[in-house]
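Colleague: Residue numbers (this note's numbering), protein chains in the order written: chain A, 1 to 263; chain B, 1 to 263; chain C, 1 to 263; chain D, 1 to 263.
Just so it is clear, CB atoms sit at the ideal spot from N, CA and C, and this is done for glycine as well.
Number of protein chains: 4
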Amino acid sequence: MNALDSAIRDLVVANRILANERVLDAYGHVSVRHPRNRDRYLISCSRSPELVEDGDIMEFHLDGTPVGGDKRNPYLERFIHGGIYERRPDVQAVVHSHAEDVLPFSITPTPLRPVLHSSGIIGASVPVWDIADRFGDATTLLVVNMPQGRDLAERLSDGRVVLMRGHGFAATGRSLSEVVRVSVNMPTNARVLHKAMQMGEVRGLSAGEVDRRLAMNPDGPEFYRAWEYWATRAGCGHMLAPREKAAKKMKKGGKNRKLSGRR
Amino acid sequence: MNALDSAIRDLVVANRILANERVLDAYGHVSVRHPRNRDRYLISCSRSPELVEDGDIMEFHLDGTPVGGDKRNPYLERFIHGGIYERRPDVQAVVHSHAEDVLPFSITPTPLRPVLHSSGIIGASVPVWDIADRFGDATTLLVVNMPQGRDLAERLSDGRVVLMRGHGFAATGRSLSEVVRVSVNMPTNARVLHKAMQMGEVRGLSAGEVDRRLAMNPDGPEFYRAWEYWATRAGCGHMLAPREKAAKKMKKGGKNRKLSGRR
Amino acid sequence: MNALDSAIRDLVVANRILANERVLDAYGHVSVRHPRNRDRYLISCSRSPELVEDGDIMEFHLDGTPVGGDKRNPYLERFIHGGIYERRPDVQAVVHSHAEDVLPFSITPTPLRPVLHSSGIIGASVPVWDIADRFGDATTLLVVNMPQGRDLAERLSDGRVVLMRGHGFAATGRSLSEVVRVSVNMPTNARVLHKAMQMGEVRGLSAGEVDRRLAMNPDGPEFYRAWEYWATRAGCGHMLAPREKAAKKMKKGGKNRKLSGRR
Amino acid sequence: MNALDSAIRDLVVANRILANERVLDAYGHVSVRHPRNRDRYLISCSRSPELVEDGDIMEFHLDGTPVGGDKRNPYLERFIHGGIYERRPDVQAVVHSHAEDVLPFSITPTPLRPVLHSSGIIGASVPVWDIADRFGDATTLLVVNMPQGRDLAERLSDGRVVLMRGHGFAATGRSLSEVVRVSVNMPTNARVLHKAMQMGEVRGLSAGEVDRRLAMNPDGPEFYRAWEYWATRAGCGHMLAPREKAAKKMKKGGKNRKLSGRR
């Protein structure tokens, strides 16, 4: 399977995982930078992530125009993805989500910061982008053009995630696997922080702990387990790459292996 | 399919969506104004929305009497619908819901106001109707006659939604699709606002943002995606109109389309 | 079907409804007074309510001894039921539940009171029984004998429900249908009240509204709809009595009925 | 079935229960001490608990090295289990969970203490282990070696449970059945305590009530009911031991038993 087919397959799996884990619902989307052309990205045509299939994937220039004049209905807010890819050469995958549990942090002054071991990846704290700052008081809050997408990417800066006031968040990853992990962990971290704040002073991750997490290899073996688990729960287990399936076989290991004391 | 059959089919789909999205449960109901006669409305006989079928739909005069002496058991609270249709010629569809997350805003002085991009449609803030104000201290809180239905519609005034103290809410729409969208978004907005209030000062939608939302075409293409998603989740995908199915086909688009870099 | 078979069938349906609506889980139980003998009650042998079948139903004297030396494993806490039936000749059915959402009201001074139209039936406010008051500081909190059951019934007094500190609640009904309804509504009311308390002063049901609810016929037609809905959701639709099925047929009504404007 | 096969079977059932009850998800694990060799324990190779099967079970020395050079991928954090077994000869089973509802108590000064009858088993209050105290400010918070496992066990001391700051908890049991019960009850107790704290002064279990619970036989008949219920819900009912199935048969009891007043 070549790099493009592999990216498309992983993108479909990512769609299904994010839908099944309730990070995406009718709205929201996930994309991946084209593996052969840094100035393009892959994303589904406009349909619900839980329904996305191989044949739905479209290719876009960073400015949001479809490559080759593809006439299918695109996501209205694809400029979130293009704006970020344009500014951030290190980013290989982007998620835009409306996940509810994060939203209170987008409409209050309380910063969303990591308190769980798995959320160190979101960085020391998450900036909030308010579309009204530059685009005035009468938008729909949706990111519908490149100026808005670029403004959002500027607020994201070097970070992993940016909240969007009254709307949701945009998350980035060095791989699809990483952006999926960040996106699934964000709502959990938000829920726990929200509850803890009602109980006293909250001990979040230290700067050292955040840095340690940011330094971990995003595609190490410990992270495969979550990808496999989520893909299986989403009914995509069969779509996992042969390499991963080989690892699975090894894990299933020796049914014949004699444990001490057995028969 | 003529306009009446189309309205009946959409009403059945709306019932199933609202049940599946947990806006309606054993109680609560949805209606649509008769497409050919402004002084009548269509609503199921008294049964749970998740079970409603084509043959359950009844027709009523605005005062709640069944057309043609239909003897089936009607919803006790149909006067909510008739009272609203009577006062509001612009309203084409009505939902009455007991959705739990909205109820705390019906029994405290805290106003329910929109904080999410998708809830601008509920208006700047939602009035609360207390049946005791006019009907005294010993009702069951249920709207069981036209005087109560008219009193509720008066409190609704020109708005999209009205809360009913200790009971639920009534929502209106310029179409079934719109009233379903309003009704599904209300509980989400309520949950997020409730949580945010515990975290600091809440930045809700501005007046300009609310007006912008109210000005959007309620049946534009972006809104079809949610209707299709919810209908599919509710097992009614097959009931969508041919026009919508054609759009779906187009979205599925070119499986043969060559993405750059592919074979 | 004679009165006893009818009671057994309804008791099985009640078990399944309460399990499916998450009022009962591994623990908790529901009983009904014997229709022919006021000094006996019917309750399942000790198994999870979602598994209870016809053949599991046992018969007990009010003091908790099984009639006829039935050797099957009884519920440890059946004395809750016997203690209440003994004191309250008006009570025909009892539920003991550990439903989580009610528990915070059993361990704080905040009274649980009705705030929703459907919870007026619980009375103006719900007493809390603390087993330690009479039985000391080293019990398991479980009601394991008649003295404890009687003490609980005394705290219940003339009410519909009593909370059990750190444990759950016991609810009563003039019929199985009523006690199921009370038990399903309790957690909803608790959740809404808990949230509302964080938002300002709470307007609960007035004394007149509570009295009005208590005066309603517990087995009126509006209440059948919930019983049918819950039974259907619990997979027991086929077990509903013929009379109820006849009503269902009538509701399904005229598929041939011509709505005005149709073909 | 010999003791080892029995332990393996129960360990698989425990994995499935804990996954189904949402105590474990992609991460987290459960182990049991080897029935024939106190210096070894049994635990699955590294895979999600809901997928664990008989052939996945591996055997480890207490220091975390696999017996017999088994090359399958082990859980990274198995040192939690070894560290505890090493220190605590009374412990026969260990669970490590990330269950979300407990986490706010791991990052605030508020102690997690038992407020429900079923949580007395967690002890008077639960200590919190912060990996940074001894291992500094730049760990991943995961327990990845024996020094960390031993430090955690030291904080656990003689208790049943220890929270792990920003991470989860480790629970112990005198049997698999007990550690499963403790682990399932912990999140419920945490949720109820969290809510109650917002409502006023909380009455938790007294010292006498906690001691009473700790004195109960962990494998008494009342506890079998929960094991059977959870195993059945997890689809493992068929894996229950013959002895338990015999008890089930007896509970199903006399379908022919004549209740008084029946035909």
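(1) Would you mind stating whether G103 (chain A) and V192 (chain B) have Cβ atoms separated by less than 7 Å?
(2) Could you name the residues of the stretch 213-240 of chain B whose beta carbon sits closer than 8 Å to any beta carbon of chain A, in the order they occur along the chain?
(3) Excluding the 5 residues preceding and the 5 following L176 (chain A) in the sequence, name in chain order all residues of the same chain whose CB lies nearer than 6 Å to its CB.
(4) Excluding five sequence neighbours on each side, which residues of the same chain lie with their C-beta closer than 6 Å to the C-beta of D70 (chain C)?
(5) What does A132 (chain D) reach in chain A if we use C-beta pairs closer than 8 Å?
(6) For G83 (chain C) and M146 (chain C), which I take to be in contact (beta-carbon distance under 8 Å), what is that distance rounded to the nearest angstrom?
(7) Show which residues of chain D have a CB atom less than 8 Å away from the CB atom of H117 (chain C).
(8) If you draw a straight line from the C-alpha of R257 (chain C) to the C-alpha of E178 (chain C), how long is it?
(9) Show which residues of chain B have a CB atom less than 7 Å away from the CB atom of G200 (chain C).
(10) Return the chain-ordered ranges of every beta strand (DSSP E) run that is complete within the stretch 39-123 of chain A and spans a minimum of 3 residues.
(11) Between the stretch 136-147 of chain D and chain A, which residues of the former have a C-beta closer than 8 Å to a C-beta of the latter?
(12) Start and end of the alpha helix (DSSP H) containing S6 (chain D)?
(13) So, helix, strand or coil for M164 (chain B), using DSSP?
(14) Using a cut-off of 8 Å between C-beta atoms, extract the partners of P66 (chain B) located in chain C.
(15) Using only alpha-carbon positions, find the residue among A:I43, A:L18, A:V182, A:A196 that is nearest to A231 (chain A).
(16) By how many angstroms is the C-alpha of Y41 (chain D) removed from the C-alpha of D54 (chain D)?
(17) For W129 (chain C), write down the residues that DSSP places opposite it in a beta bridge.
(18) Closest to Q148 (chain A) by CA distance: which of A:D158, A:D130, A:N217, A:V161 is it?
(19) Whose CA, out of C:I122, C:S48, C:G159, lies closest to the CA of F223 (chain D)?
(20) Could you list which residues in chain B have their beta carbon closer than 7 Å to that of L267 (chain A), in chain order?
(21) Which residue marks the beginning of the alpha helix (DSSP H) containing V182 (chain A), and which one marks its end?
(22) Would you call M1 (chain C) buried or exposed, if buried means 16 or more other Cβ atoms sit within 10 Å of its Cβ?
(23) Are the C-beta atoms of G166 (chain B) and some chain C residue less than 7 Å apart?
(24) Count the other CB atoms, across all protein chains shown, that sit within 10 Å of the CB of N217 (chain D); report buried if there are 16 or more and exposed otherwise.
(25) I'd like to confirm the pairing. Which residues does DSSP put opposite T139 (chain B) in its beta bridges?
(26) If you follow the beta strand (DSSP E) that R33 (chain B) is in, where does it begin and where does it stop?
(27) Roughly how many angstroms lie between the CA atoms of Y27 (chain C) and S97 (chain C), to the nearest whole one?
(28) From the DSSP secondary-structure annotation, give me the bridge partner or partners of T172 (chain C).
(29) Could you spell out the range, first to last residue, of the alpha helix (DSSP H) harbouring D211 (chain D)?
(30) For P218 (chain B), which three-state DSSP category applies?
(31) Short of 7 Å in beta carbon distance, which residues of its chain neighbour L271 (chain C), apart from the five on each side in sequence? Order them along the chain.
(32) Residues of chain D with a CB under 9 Å from the CB of M1 (chain C): which are they?
(33) Excluding the 5 residues preceding and the 5 following L240 (chain B) in the sequence, name in chain order all residues of the same chain whose CB lies nearer than 7 Å to its CB.
(34) In the stretch 177-201 of chain A, which residues sit with their C-beta less than 8 Å from some C-beta in chain D, listed in chain order?
(35) What is the rounded straight-line gap between the Cα of M164 (chain B) and the Cα of L163 (chain C)?
(36) Who are the Cβ neighbours of D63 (chain A) in its own chain at under 7 Å, not counting the five residues just before and after it?
Modeller: Reading from the atomic positions:
(1) By one-based count along the first sequence, residue 103 (chain A) stands at place 103. By one-based count along the second sequence, residue 192 (chain B) stands at place 192. A quick correction: the sequence has Leu, not Gly, at residue 103 (chain A). Contact flag set, yes.
(2) For the stretch 213-240 of chain B, which is checked against every Cβ of chain A, the residues closer than 8 Å are R213, M216, P221, E222, R225, A226, E228, Y229, W230, T232.
(3) Counted from its first residue, the first sequence places residue 176 (chain A) at position 176. D10, A14, V32, A93.
(4) The residue you call residue 70 (chain C) lines up with position 70 of the third sequence. Residues of the same chain with a CB within less than 6 Å of the CB of D70 (chain C), apart from the 5 flanking positions on each side, are M58 in chain order.
(5) Translated into positions along the fourth sequence, residue 132 (chain D) becomes position 132. Under the 8 Å cutoff, chain A gives S206, E209.
(6) Reading the third sequence from its first residue, position 83 is the one you call residue 83 (chain C). Reading the third sequence from its first residue, position 146 is the one you call residue 146 (chain C). Their Cβ separation, rounded to whole angstroms, is 6 Å, which keeps G83 (chain C) and M146 (chain C) in contact under 8 Å.
(7) As a first step, residue 117 (chain C) must be located in the third sequence, where it is residue number 117. Within 8 Å Cβ-Cβ: nothing; H117 (chain C) doesn't reach chain D, min ~23 Å.
(8) Residue 257 (chain C) sits at position 257 when you count from the first residue of the third sequence. Residue 178 (chain C) sits at position 178 when you count from the first residue of the third sequence. Here R257 (chain C) scores only 47 on pLDDT, less than 50, and its place in the model is too uncertain to base an answer on.
(9) As a first step, residue 200 (chain C) is located in the third sequence; it is residue number 200 there, counting from the start. Ordered by position in chain B, the residues that pass the 7 Å Cβ test against G200 (chain C) are T108, P109, T110.
(10) DSSP runs (the beta strand (DSSP E)) wholly in the stretch 39-123 of chain A: 40-44, 57-61, 93-97.
(11) Correct list: G136, D137, A138, T139, T140, L141, L142.
(12) Position 6 of the fourth sequence holds residue 6 (chain D). S6 (chain D) -> alpha helix (DSSP H) spans 3-20.
(13) Counting from one through the second sequence, the residue named residue 164 (chain B) turns up at place 164. Assignment of M164 (chain B) by DSSP, reduced to helix, strand and coil, places it in the strand class.
(14) As a position in the second sequence, residue 66 (chain B) is number 66, starting the count at 1. One finds nothing in chain C with a Cβ atom closer than 8 Å to the Cβ of P66 (chain B); even the nearest lies about 10 Å away.
(15) In the first sequence, residue 231 (chain A) corresponds to position 231, counting from 1. Minimum Cα distance to A231 (chain A) is reached at A:L18.
(16) The residue labelled residue 54 (chain D) in the question sits at position 54 within the fourth sequence. The residue labelled residue 41 (chain D) in the question sits at position 41 within the fourth sequence. Those two C-alpha atoms are separated by around 15 Å.
(17) The residue labelled residue 129 (chain C) in the question sits at position 129 within the third sequence. C:M164.
(18) Mapped onto the first sequence, residue 148 (chain A) falls at position 148. With distances taken between Cα atoms, Q148 (chain A) lies closest to A:D130.
(19) Numbered from 1 along the fourth sequence, position 223 holds the residue referred to as residue 223 (chain D). The residue with the shortest Cα to Cα distance from F223 (chain D) is C:S48.
(20) The requested residue 267 (chain A) is not part of the displayed model; chain A covers only 1 to 263.
(21) Locating residue 182 (chain A) in the first sequence gives position 182, counting from the first residue. Counted as a single uninterrupted DSSP element, the alpha helix (DSSP H) harbouring V182 (chain A) occupies residues 176-197.
(22) Position 1 of the third sequence, counting from 1, holds the residue named residue 1 (chain C). Classification for M1 (chain C): exposed.
(23) Against the second sequence, residue 166 (chain B) aligns to sequence position 166. With respect to chain C, the C-beta atom of G166 (chain B) has a partner C-beta closer than 7 Å.
(24) Along the fourth sequence, read from residue 1 onward, the residue named residue 217 (chain D) stands at position 217. With fewer than 16 other Cβ atoms within 10 Å, it is exposed.
(25) On the second sequence, position 139 is the one that residue 139 (chain B) refers to. In DSSP, T139 (chain B) forms no bridge with anything.
(26) For this step, residue 33 (chain B) is matched to residue 33 along the second sequence. Element bounds for R33 (chain B): 29-33.
(27) Numbered from 1 along the third sequence, position 27 holds the residue referred to as residue 27 (chain C). Numbered from 1 along the third sequence, position 97 holds the residue referred to as residue 97 (chain C). The alpha-carbon atoms of Y27 (chain C) and S97 (chain C) are separated by roughly 7 Å.
(28) Here residue 172 (chain C) refers to the residue found at position 172 when the third sequence is read from its first residue. Looking at the DSSP output, T172 (chain C) shares a beta bridge with C:V94.
(29) Locating residue 211 (chain D) in the fourth sequence gives position 211, where the first residue counts as 1. In the DSSP assignment, D211 (chain D) falls within the unbroken alpha helix (DSSP H) covering 207-215.
(30) Reading the second sequence from its first residue, position 218 is the one you call residue 218 (chain B). Reduced to three states, the DSSP call for P218 (chain B) is coil.
(31) An answer regarding residue 271 (chain C) cannot be provided, because it is not within the stretch 1 to 263 covered by chain C.
(32) Position 1 of the third sequence holds residue 1 (chain C). What M1 (chain C) touches in chain D: nothing, since even the nearest Cβ is about 11 Å away.
(33) Here residue 240 (chain B) corresponds to residue number 240 of the second sequence, with the count starting at 1. Taking L240 (chain B) as the centre and dropping the five residues before and after it, the same chain places the C-beta of E228, A231 closer than 7 Å to its C-beta, in chain order.
(34) Under the 8 Å Cβ criterion, the stretch 177-201 of chain A contributes T188, R191, V192, K195, A196, Q198, M199, G200, E201.
(35) In the second sequence, counting from the first residue as 1, residue 164 (chain B) sits at position 164. In the third sequence, counting from the first residue as 1, residue 163 (chain C) sits at position 163. Rounded to the nearest angstrom, the two C-alpha atoms are 29 Å apart.
(36) To locate residue 63 (chain A), count along the first sequence from 1; it is residue 63. The beta carbon of D63 (chain A) sits closer than 7 Å to those of G82, M146, all from its chain and outside the five residues before and after it, given in chain order.
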